[in-house]
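Chemist: Take this structure, written in structure tokens, and hold onto it; I'll ask about it next.
In my numbering, the protein residues as written are 8 to 134.
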């Protein structure tokens, strides 16, 4: 019996419920949390040197998608310099992830995790 489909459905429903119950601030927080998780898994996969290619590709893709969503959600009109600085930080993270993925450089991913962690901490503090 294949248990992966019920697990996937549960996880998707859990994520959908978290997003539906949150305001826009909560949605961004959830994206940052998921981004950190995917980056951690990506770092582990890169360190493992190719033993989990599917997980590596999936986390890479999810990380870039999360960063795209975060960049797209910025309000430059209201956010001014803060929005511009966040955009540039996200762009740095995106570039670092792409380079790290192609070079199997897991250590650089930890730098990105540190940046995202700081952003997440700041985001949580403005609730």
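We put the CB at the ideal spot given by N, CA and C, even for glycine.
All values reported here derive from a predicted model rather than from experimental measurement.
Given 8 Å as the limit, is there contact between the stretch 28-39 and the stretch 54-63, that is, 3 or more CB pairs closer than that?
Modeler: no
Chemist: Reducing DSSP to helix, strand and coil, say where residue 134 ends up.
Modeler: coil
Chemist: For residue 130, which residues from the same chain have a beta carbon less than 7 Å from its beta carbon, with the 5 sequence-adjacent residues on both sides left out?
Modeler: Excluding sequence neighbours, residue 130 sits near 35, 36, 39.
Chemist: Using a threshold of 7 Å, state whether the C-beta atoms of residue 5 and residue 108 are closer than that.
Modeler: The question about residue 5 has no answer, for the chain in this structure spans 8 to 134.
Chemist: Three-state secondary structure (DSSP) at residue 128?
Modeler: helix
Chemist: To the nearest angstrom, report how far apart residue 63 and residue 69 are at their CA atoms.
Modeler: 10 Å
Chemist: What's the call for residue 97, buried or exposed, on a 16-neighbour Cβ count within 10 Å?
Modeler: buried
Chemist: Leaving aside the five residues before and after residue 100 along the sequence, list all residues of the same chain whose C-beta is less than 8 Å from its C-beta, in chain order.
Modeler: 74, 119, 122, 123
Chemist: With distances taken from CA atoms, which of 78, 102, 115, 111 is nearest residue 126?
Modeler: 78
Chemist: Could you pull out every residue in the same chain whose Cβ sits closer than 7 Å to the Cβ of residue 81, ignoring the five residues on either side in sequence?
Modeler: 90, 93, 94
Chemist: Nearest to residue 44 by CA position, among 60, 61, 59, 67, is which residue?
Modeler: With distances taken between CA atoms, residue 44 lies nearest to 67 out of 60, 61, 59, 67.
Chemist: Could you tell me the alpha carbon to alpha carbon distance between residue 210 and residue 83, rounded to whole angstroms?
Modeler: The structure shown does not extend to residue 210, since the chain spans only 8 to 134, so no value can be given for it.
Chemist: What is the C-beta distance between residue 71 and residue 116, in whole angstroms, given that I count them as a contact (C-beta under 8 Å)?
Modeler: No, residue 71 and residue 116 are not in contact; Cβ-Cβ is about 13 Å, not under 8 Å.
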